[in-house]
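A.B. asks:
Protein chains in written order, with the working numbering: chain B, 942 to 1330; chain X, 942 to 1330; chain W, 942 to 1330; chain Y, 942 to 1330.
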């Protein structure tokens, strides 16, 4: 798969619609940039906001045909289905509670779906959605975007190849500080829905960022969390959901783990880090410096592996765009999810096998994410009892 | 100026052509991704290679209309000029020696030009080109892309605002190691032309990367180098151009400086760093971690300023796309050059003033770059004599 | 208190004896260097090994008077007590199981005691020892040496002064890798006793290094751990004690915490780190770079506070020996414990109040350390039940 | 050689005197701590200040016998020579201008000398002193203390063993900021003499810290600087000596170099760094994190070598005191110079060869240091002309 440019069959860019992502949104713009970077998609339609005015203004700002700016996602699904040049796929970038109904609607209408995480707000919905996706035969991609970072790809392959030996201990963290005070009182749209259980679901920090840390730990180690013991806290007064969560993990192979997710850890911006220790080696990675992966083979000096640098292997170089030392960042990692989604969608459209080497998060990861959230909440309510996922 | 999306007048994407950037090229792909990221350009035509087959294959891979894939840049200029839907601007991403003739051709044919650096291969050509550009009334943008990094923008404003006081000392470095051996013998197209004076011009490391360090030092300090004393070396046998250059600088305000450019410094990938010391403070920035800017006010603790983080100000936040802690990288900085180029081009097309706050490298910077290269060569030939720029 | 040189009364160096610390030992040499650095002690007697030959050889190597090299600690206590020029204080640097009997013997014989940690091998012994020390009226100093680092002193004062506001979350780690394989089979004396419950006590990693992390977290925050939920693991086959421990903490003020201690985390040497987050700020410190303390006031850029640098305050500067930027290390921090012990001992000898500003670990800290170990073991046996300390 | 404890012959501690180092001094205390750490010296006499009161007070604070606190170094030399228990060696820790007369006096009186750097204030004096030392048959040790850092020892051996191949480029820096303003006006004794040519000699920053950077570059590479082209600046008004110096270097093997010494670089504490690039590898070391040495073999990932860690070899481990991850600092490196001086002195006293493996700076290094200072001054006066050393 070439990262930049068209598919090997040069079938042209995939026609994309978007639900959510209007004025004041954050992740919608990220999805659009990610979709554009490698030129495999063109955004043609949108239900960008549930407020009609805002939807129209947002669509105009993005240069969409006004006729294809819809007042509701249902309208968009039917209208686009009816058009001969209608969209092929939809990106869902709403607050969490809308993921399920929107995804269901578009899958059942025959569209491929690219959906932000967490996949739904309950585990039951997540399982339903998986069944719906299966029945639909359509592609469903969950944007656990950190899995798109080249050095995460490399780390995953190193573990799979046994370079660390049997995994013993995993330390995953995602620390932020933007909710250390009541940002939800300042009119921040981002803060507002994330602290509202009706929109975010049962998880605060654990849903918003803990799921990323959990997903990444599992993605890289290839291991599932068997059970966890969690202690959720709400430090900022008046908040309903957790804003800090610490937990112990037990993985299926006997490995142990710790996970910390916090949105009140003053001095942290997006401190997603992963450390993995096995019998034969250790790995250390930090999202804020994603082009670096520290690897220590037992008894040898620590080595700095860099994206496209000495020691980089195909799993990372194949999803890199530029030479070592020229940093790729968050958008590039996100774009890789889109590039791989494009490859899956093209293959599905053409009825052939997708190219080898794709390493996208699956709908199964989405189910695991909700199982994680629900286990956290349950364990914490039971004062840290071990809860199976 | 909104970074993502269309111009405030929503005039649609700028029609872009490209010269160079076909198969095996590096910087062409970078320009294309940079142009796409913020959705202000669409690539419609190309003379992607001087080898016709390669040009056609490259155009097809990019999904260009075959009719608009040209065998030569001259052909492209006339054909596109003749089309009612012809391109408005051209991106020049060839080896250095072609910058001048291609830019001249397109400027004179009435196109806006976005040109890679160094601007030309001689100072005389650079001055000619400036005159040509002036006569043409067209926009000329030089992609000294590192000036697009948000924290470089912030650093520049901090210096201009006097936060460092009068500048005393500047230390600029650009260290790489990819030419530590004869990469030019391995079939690397990138290495091949860079070590060939007929294509690269009189400068090896100084032209390819020293110009970036020089440009960045001047861009951030707002000071010009008055004279320099250089020691150029060619460490790898059989090479005609310098692969390591060290020099002393004297700036117009009495500040002193050092500049080191090397392509043989084993262990360095793209180690472009800038340190600036004034009477009241010091700054430290490194391209490989571009989201961070270290600032020490005299007598106070060192502070870490981050892109979009606490302490970030408008010059950096206005060219940021995503929140603090989610790293932006090389492509985003490059894209900012394109976004600002788009604003300039739109304003020119519509006969109005460009929006405030643009901070693009100018054609004057291109002249300074060639003056820098020629001064380096002259000084080194004269055993380090001080040479005025 | 002057760090270097004699006490303010210039009473000369304190006469010191040592139990343990003969050939092949590690911590004995550390205590000796620490005691010497500031010239407040002179080592005059020793029972350096339970093997008489070794004891004599070790004493000779250290230049001790052969008459004052003893075959047993009991003999040393009585003989030194009988000498008019006998020692005033003893340093106990044996494996853990000997701390109690040796300390008891010397305290009851009227000597001041400087004892390595953990203080004893059981909580019951720890409490006994505290009572014995109290009855004796002698000084008892526990070498939780990391508390001697200047920036730890500063951190502690910052928390006490409210610069972080109410503490919410504490993350403490101590990660090593030297026991990732069976070092105990290689003849390593250090590894040998640490994995032997008869000598180390009930804790492996938790006793050897977890206690340091626990002590430091409490020392800096001024908070006690109220209860903990621990998961102890023994990853290396055939080992009886834990070599990896992860746990959740709850502090008395409602703060939460995590603590990880591991001796099998490949790639870690002595990764003792402490991160503290309060309502108003965050702190980050790492033992391997002890001269640096990262401080982020809420909503402001992160600041790098350095030992004796800008932003350093009396609690750190008063225990610093050399200027900022000239690193002090482990031995200097350890030496500060000795310097403060000397001040305590001198004051006790002279029947006056010790100077203000001492911040030594107390015998209470030793009790807390054993309570920590026993709580960890109990919690882990009960599958992570919360256990009060 | 054992680092801690007595010489292999167990001959007891060397009797040491000190000239300079009284109240308000900096480096005297450093020498005393360094001499004490490994227990190979005992300080017995001093001419600690040229002000008699101050000398007496300082001696008392250090616990010296008042009879051995002298009012002048000449008096000390004769009196100590006359005592059967007189000192064997003297440490000279005065401002620079006194190094020569004091060293001459003590050497000629038959004492071994340990002298701070720069060795003298002129090259002529340096050569004289070398001749005097040679005639005396006594040991002369110059405390270019940074050569005592374990990882510097390792770096030196790696270069000597060819792990970097032929050296091409050396970048040495020593940046501070404590003289960014007129500290000499604040009553700082340290600042006062350093900016006074009568006491410091012809070099300001180049003498005080530039000599360290020069010495370290030569020490590690094993190469001499053949010529240099320097640009000295005095940025702080009213100052007579340079406070910032930048220069180009040419080494005897054809390698090039840059050296920057500054005392006005705001944000730098003791930023002594050394980067060395050869045909086969690169090294990077920074004094502020001295336990780390970065090594990149050409075409392989960068490796972090640590003191006593994986990859550490005898040249570093033999001068280490404590395990990897427990940082040793400035005083330990300094102490190694003293430990090796002790070994030299013992060997001289006993008329035998010194033990193998000593790697102390020699009197030849002291001559090179003065040649460096004089070449810098001359080159700068001649507007950067190349001057041979």
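Glycine included, every Cβ here is placed at the ideal spot set by N, Cα and C.
What you are looking at is a predicted structure, and each value in this text was computed from that prediction instead of being measured.
Determine the burial state of residue 1008 of chain X: buried for a count of at least 16 other Cβ atoms within 10 Å of its Cβ, exposed for fewer.
C.D. replies: Counting Cβ neighbours within 10 Å, residue 1008 of chain X comes out exposed, since fewer than 16 surround it.
A.B. asks: Would you report the Cα separation of residue 1127 of chain Y and residue 963 of chain Y, rounded to the nearest angstrom?
C.D. replies: When rounded, the distance between both Cα atoms is 19 Å.
A.B. asks: Return helix, strand or coil for residue 942 of chain B, following the three-state DSSP convention.
C.D. replies: The predicted position of residue 942 of chain B is uncertain, since its pLDDT is 42 and thus under 50; no value can be drawn from it.
A.B. asks: Contact criterion: CB-CB distance below 8 Å. Does residue 1246 of chain X meet it with respect to chain W?
C.D. replies: At least one chain W Cβ lies under 8 Å of residue 1246 of chain X.
A.B. asks: Taking only heavy atoms of the ligand FMN into account, decide whether any of them is closer than 7 Å to the Cβ of residue 1301 of chain Y.
C.D. replies: Looking at this structure, you won't find the ligand FMN or any other ligand, since it has none at all.
A.B. asks: Quick one: residues in its chain with C-beta nearer than 8 Å to the C-beta of residue 947 of chain W, no 5 flanking neighbours on either side, listed in chain order?
C.D. replies: The pLDDT assigned to residue 947 of chain W is 46, lower than 50, so where the model puts this residue is not dependable, and the model offers no usable value.
A.B. asks: Have a look at Y:1087, Y:1190 and Y:1294 and flag the residue whose alpha-carbon is nearest the alpha-carbon of residue 1328 of chain Y.
C.D. replies: Of Y:1087, Y:1190 and Y:1294, the residue nearest in Cα terms is Y:1190.
A.B. asks: Tell me whether the beta-carbon of residue 961 of chain X lies closer than 8 Å to the beta-carbon of residue 1033 of chain X.
C.D. replies: The answer is yes: Cβ separation under 8 Å.
A.B. asks: Grab me the residues of residue 1133 of chain X's own chain with a C-beta within less than 6 Å of its C-beta, minus the 5 sequence neighbours each way, in chain order.
C.D. replies: Excluding sequence neighbours, residue 1133 of chain X sits near 1125.
A.B. asks: Determine which residues share a DSSP beta bridge with residue 1108 of chain X and list them.
C.D. replies: Paired residue(s): X:1219.
A.B. asks: Would you please state the rounded distance, in angstroms, between the beta carbons of residue 1082 of chain X and residue 1282 of chain X? I believe it to be under 8 Å.
C.D. replies: Right, their Cβ atoms sit about 4 Å apart.
A.B. asks: With the cut-off set at 8 Å, would you say residue 1060 of chain B and residue 1040 of chain B are in Cβ contact?
C.D. replies: Cβ distance < 8 Å, so residue 1060 of chain B and residue 1040 of chain B count as in contact.
A.B. asks: Suppose the cutoff is 7 Å on Cβ atoms and the five residues either side in sequence are ignored; what does the same chain contact list for residue 1020 of chain B look like?
C.D. replies: Within the same chain, residue 1020 of chain B has close Cβ partners 1011.
A.B. asks: Taking 8 Å as the threshold (beta carbon to beta carbon), is residue 1242 of chain W in contact with chain X?
C.D. replies: So yes, residue 1242 of chain W belongs to the interface.
A.B. asks: What does the alpha-carbon distance come out to for the pair residue 950 of chain W and residue 1285 of chain W?
C.D. replies: At residue 950 of chain W the pLDDT is 48, less than 50, meaning the model places this residue with poor confidence and gives no usable figure here.
A.B. asks: Provide the residue span of the beta strand (DSSP E) that contains residue 1201 of chain W, from first to last.
C.D. replies: Taken as a continuous stretch (DSSP letters only), the beta strand (DSSP E) holding residue 1201 of chain W covers 1197-1203.
A.B. asks: If the cut is a Cβ gap below 7 Å, which residues of chain W does residue 1251 of chain X touch?
C.D. replies: Those within 7 Å of residue 1251 of chain X in chain W are 1240, 1241 and 1242.
A.B. asks: Is it the case that the stretch 1195-1212 of chain B contacts the stretch 1228-1240 of chain W, given that we only count it when at least three CB pairs across the two stretches are under 8 Å?
C.D. replies: With the cut-off at 8 Å, the stretch 1228-1240 of chain W and the stretch 1195-1212 of chain B touch.
A.B. asks: What is the rounded straight-line gap between the Cα of residue 1170 of chain Y and the Cα of residue 1321 of chain Y?
C.D. replies: If I take the Cα positions, the gap works out to 7 Å.
A.B. asks: Tell me, please, whether the CB atom of residue 1327 of chain Y is closer than 8 Å to any CB atom in chain X?
C.D. replies: True, the Cβ-Cβ gap to chain X drops below 8 Å.
A.B. asks: What does residue 1185 of chain X reach in chain Y if we use C-beta pairs closer than 8 Å?
C.D. replies: Per Cβ cutoff of 8 Å: 1109, 1110 and 1197.
A.B. asks: Tell me, please, whether the stretch 1244-1255 of chain B touches the stretch 1084-1097 of chain B by the rule of three or more beta-carbon pairs shorter than 8 Å.
C.D. replies: At 8 Å Cβ cutoff, the stretches touch.
A.B. asks: With a Cβ-Cβ cutoff of 8 Å, do residue 1177 of chain B and residue 1262 of chain B count as a contact?
C.D. replies: Not a contact, by the Cβ cut-off of 8 Å.
A.B. asks: What does the alpha-carbon distance come out to for the pair residue 1064 of chain Y and residue 1306 of chain Y?
C.D. replies: Roughly 12 Å separates the two Cα atoms.
A.B. asks: For residue 1048 of chain X and residue 1289 of chain X, I'd like the C-alpha separation in whole angstroms.
C.D. replies: Residue 1048 of chain X and residue 1289 of chain X: Cα-Cα distance of roughly 14 Å.
A.B. asks: For residue 1036 of chain Y, which residues in the same chain have their Cβ closer than 6 Å to its Cβ, ignoring the five residues on either side in sequence?
C.D. replies: Cβ neighbours of residue 1036 of chain Y beyond the five flanking positions: 1134 and 1140.
A.B. asks: Just tell me which of X:1160, X:1183, X:1162 and X:1077 has its CA closest to the CA of residue 1136 of chain X.
C.D. replies: It is X:1183.
A.B. asks: Between the beta-carbon of residue 1168 of chain B and the beta-carbon of residue 1330 of chain B, is there less than 8 Å?
C.D. replies: Yes, the pair counts as a contact, with Cβ atoms nearer than the cut-off.
A.B. asks: Can you tell which of X:1313, X:1303 and X:1197 has its C-alpha closest to the C-alpha of residue 1086 of chain X?
C.D. replies: Measuring from the Cα of residue 1086 of chain X, the nearest candidate turns out to be X:1303.
A.B. asks: Classify residue 1274 of chain Y: buried if its beta carbon has 16 or more other beta carbons within 10 angstroms, exposed otherwise.
C.D. replies: Residue 1274 of chain Y comes out buried.
A.B. asks: Apart from the five residues just before and just after residue 1038 of chain B, which ones in its own chain have a Cβ nearer than 6 Å to its Cβ?
C.D. replies: So the qualifying residues of the chain are 1062 and 1140.
A.B. asks: Would you call the CB atoms of residue 1308 of chain W and residue 1143 of chain W closer than 8 Å?
C.D. replies: The answer is no: Cβ separation not under 8 Å.
A.B. asks: Can you give me the C-alpha to C-alpha distance between residue 942 of chain B and residue 1031 of chain B, rounded to a whole angstrom?
C.D. replies: The predicted position of residue 942 of chain B is uncertain, since its pLDDT is 42 and thus under 50; a value taken from the coordinates is nonetheless stated next. Using only the alpha carbons, I get a separation of about 22 Å.
A.B. asks: For chain W, find out if any of its Cβ atoms is closer than 8 Å to the Cβ of residue 1313 of chain B; answer yes or no.
C.D. replies: Residue 1313 of chain B does not count as touching chain W.
A.B. asks: Give the DSSP-derived three-state secondary structure of residue 1115 of chain Y in the structure shown.
C.D. replies: Three-state DSSP puts residue 1115 of chain Y in a strand.
A.B. asks: So which residues of chain Y does residue 1189 of chain X contact, with C-beta pairs closer than 8 Å?
C.D. replies: The answer, in chain order, is 1170, 1172, 1187, 1188, 1189 and 1325.
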